[in-house]
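A.B. asks: One structure follows; several queries about it will come next.
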Amino acid sequence: MSSTTVPTTPTGPEPEEVEISLYQSHKKIYPKSVSGLFTRWRWALVWLTQIVFYGLPWLNWNGRQAVLFDLLSRRFYLGGLVLYPQDFIYLTGLLVMSALSLFLFTAVAGRLWCGYACPQTVYTEIFLWIEKQVEGDRAARMRLDAQPLSGAKAGRKALKHGAWLLFALWTGFTFVGYFTPIRHQMAEVVSGSLGAWQTFWIFFYGFATYGNAGFMREQVCKYMCPYARFQSAMFDKDTLIVTYDAVRGEPRGSRGKKVDYKEKGLGSCVDCTLCVQVCPTGIDIRKGLQYECIGCGACADVCDEVMDKFGYARGLVKYSTQNAMTGGWSQSQIVRRALRPRVLVYSAVLAAIAVAVGVSLYLRVPMKVDVIRDRGALARMVEQGRIENVYRLQIMNATEARQTVQLAVEGMDGIAIASEPTVDVLPTEVRTLAVRVQVPPGAASGSHPIVFKLRSASDAAIHLDEKTTFLVPR
Ligand code: SF4
Ligand code: SF4
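As numbered in my numbering, residues -12 to 461 make up the sequence shown, in order.
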C-alpha cells in the first residue's frame, strides 16, 4: 500500500498533517435486481447473443459444421463460404465495419455496447442471476457475506461457485467448439480423449469467464477495458447518456407519499438511493456523468418505479443529451439531432464498406492459385531444342465440390504445357503440383511475361488468370 503525507494548510506556523492513502481497497458491490424497460432490453440482448453464441457451433451445413475456424487445416467455414488465410481482407473489412459501428453507436447513443451487448455485461448479468437464485437479492447477499462461516453458508457458496464453474466451462467448451468440430469435441470429452490444447483452452476461457463475471465484474470496465478509456472522445453534447435531472430532482429529501413536496421546498428525488443500489458499477448517477457509468439504464428503470409509487412524472433519471438537458428539448428534437453531420459521415462510410465487402464476396472466385517458379531448375533445354521452365502451382479449391481444372498458358509463340493439363482438385483441397511449360527453339533470351489460365470444367464461375514469367537462357 502506498501512502503520502500532505500538509492541510500551505502556510502557517504549525501545519497540521494528515495521512492520505493512495490505495483504495476494493469494496464489493451488491447490485440489487431491477425490472423495467431497459432491463428487458438488456435481457433480450443477453438471450439473443447467447442463443447465437451457444447455438451456432451446433448448426450444420452440407454435412459439416456451419461456422468453423479450422486453424489446423487453415480453412474457415462460414455457412456456404470456405475462406482461406488469403481471404484475410474480408476479416479486415469485418473488423473495420465493427469499429465503425462502435463509433456510430457511441456517437448516437453513448455506451450502448457496454450497457447491453458487451460480453462482460452479458456474463455479469448471467452470473448475477445465478447468484440471486442461490443467495437471494442484494440485502440477503450482504447479510450472508457478513455472517461467520457456517455449514449453511458454505453450502450456498459451494452451490453458487459450482453453478458458475459449470456455466463458465460450458462457455469455454463452446468457444473452443468454434475452432474444432464441436460434435467431435463432445465425443472426446465423453470418452476422456480430449487433446491437451483443447483442454487447456476450454479451462483457460472458462476460468477467464468465471473470474471476469464472478469476481472482477465492474473492475474490468473501470480499469481494464480500453474502450472505456477512449469512448469519451466519441461523445459530444448530442450523445445520449444516462442523466439525472438535477433541476427537477434537487433539493432531494425523503418524504411521505402524500406530502406536497413542493410546499416543503423539495425536488422530485426522494433520496431513496435505489439508483445507487441497482448500479452494477456502484456509482451515484446524481453526481453527474462519470466514466464508470456503462449506460445500462438500471438506475433509470428503478427511478421510474419510484416515481410511479410517488405519483410523480417518470424520467428523473433518463437517457438524454447534454444539449437536451440544457435546452429542455423534446424527444423528437433529440431524435432529429441524432442525424447530425458526424453521424451521417459514419453511416455513409459504414454503408460504403459494407457494400464493398458484400460485392467483393459476391464476385469472389471460389478458387485460388499461387504460381511459384521451381528454383532448382530455372530453365533448361529439353528434346528438339525446346526450352522448359518448371512451376509449382498451389491450387486452393474453396468450393465443396470436386473440380476438374483445365490448365493452359499464354504469352509467347508456341508456348504450351508439357505435363498433364488437367487436374482434379477435391472439395476444399489445397493441391500442389509441378507443371512443365515449354516453348519452341528460337525464343529470344530473357524474361518473358506469361499467364497461366485455369478453367473449371464444371463451374463457369471458376476462371483464374495468374501472371508469371518464363526464362529463356542465353
Ligand atoms: S432512485 Fe430516483 S428518487 Fe431514488 S435516489 Fe435515485 S434519483 Fe432519487
Ligand atoms: S449510473 Fe445508471 S446507467 Fe450508469 S452504470 Fe450505474 S445503473 Fe447503469
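By construction, the Cβ of each residue, glycine as well, lies at the ideal position given by its N, Cα and C atoms.
1) Taking 7 Å as the line, does the beta carbon of Ile272 fall inside it for any heavy atom of ligand 2?
2) Does the distance from the C-beta atom of Asp258 to that of Gly23 stay below 8 Å?
3) Using the three-state DSSP reduction, which class does Glu375 fall into: helix, strand or coil?
4) Taking all protein chains shown into account, decide if Ser319 is buried (16 or more other Cβ within 10 angstroms of its Cβ) or exposed.
5) Label Ser443 either buried or exposed according to how many other C-beta atoms from any shown protein chain fall within 10 Å of its C-beta, with 16 as the threshold for buried.
6) Met354 lies in the alpha helix (DSSP H); which residues open and close that run?
7) Between which two residues does the beta strand (DSSP E) holding Phe160 run?
8) Along the beta strand (DSSP E) that carries Arg389, what are the first and last residues, could you check?
9) Looking only at C-alpha atoms, which of Glu416, Lys144, Thr456 and Val410 sits nearest to Val426?
10) Can you tell me the Cα-Cα spacing of Leu91 and Trp100, whole angstroms?
11) So Lys296 is in the alpha helix (DSSP H); what residue range does that whole segment cover?
12) Less than 8 Å between the C-beta atoms of Thr409 and Asp446, yes or no?
13) Are the beta-carbon atoms belonging to Gly398 and Pro460 less than 8 Å from one another?
14) Buried or exposed for Ile38, please, with buried defined as at least 16 other CB atoms from any protein chain shown within 10 angstroms of its CB.
15) For Ser443, which three-state DSSP category applies?
16) Helix, strand or coil for Ile404? Go by DSSP, reduced to three states.
17) Select from Ala174, Val177 and Val33 the residue whose C-alpha is nearest the C-alpha of Glu112.
18) Are the Cβ atoms of Asp124 and Lys19 separated by less than 8 Å?
19) Give me, in chain order, the residues of the same chain whose beta-carbon lies closer than 7 Å to that of Lys224; leave out the 5 immediate sequence neighbours on both sides.
20) Enumerate in chain order the residues of its own chain whose CB-to-CB distance from Gly159 is below 6 Å, with the five nearest sequence positions on each side excluded.
21) Would you say Asp258 touches ligand 1, meaning its beta carbon is less than 7 Å from a heavy atom?
22) According to DSSP, is Ala364 part of a helix, a strand, or is it coil?
23) Exposed or buried, which one is Lys305 when buried takes at least 16 other CB atoms within 10 Å?
C.D. replies: The short version:
1) yes
2) Between Asp258 and Gly23, the gap from beta carbon to beta carbon reaches 8 Å or more.
3) strand
4) exposed
5) buried
6) No alpha helix (DSSP H) contains Met354, which is instead part of the beta strand (DSSP E) from Met354 to Arg360.
7) Run containing Phe160: none in the beta strand (DSSP E); it sits in the alpha helix (DSSP H), Gly138 to Val163.
8) Element bounds for Arg389: n/a, residue is neither H nor E.
9) Thr456
10) 11 Å
11) Ala285 to Phe297
12) no
13) It is not a contact, given that the beta carbons lie outside the stated cut-off.
14) exposed
15) strand
16) strand
17) Val33
18) yes
19) Thr308, Gln309 and Asn310
20) Spatial neighbours of Gly159 in its own chain (CB-CB distance under 6 Å, excluding positions within 5 residues in sequence) are listed in chain order as Ile189, Tyr192 and Gly193.
21) If you check the C-beta of Asp258 against ligand 1, you find a heavy atom less than 7 Å away.
22) coil
23) buried
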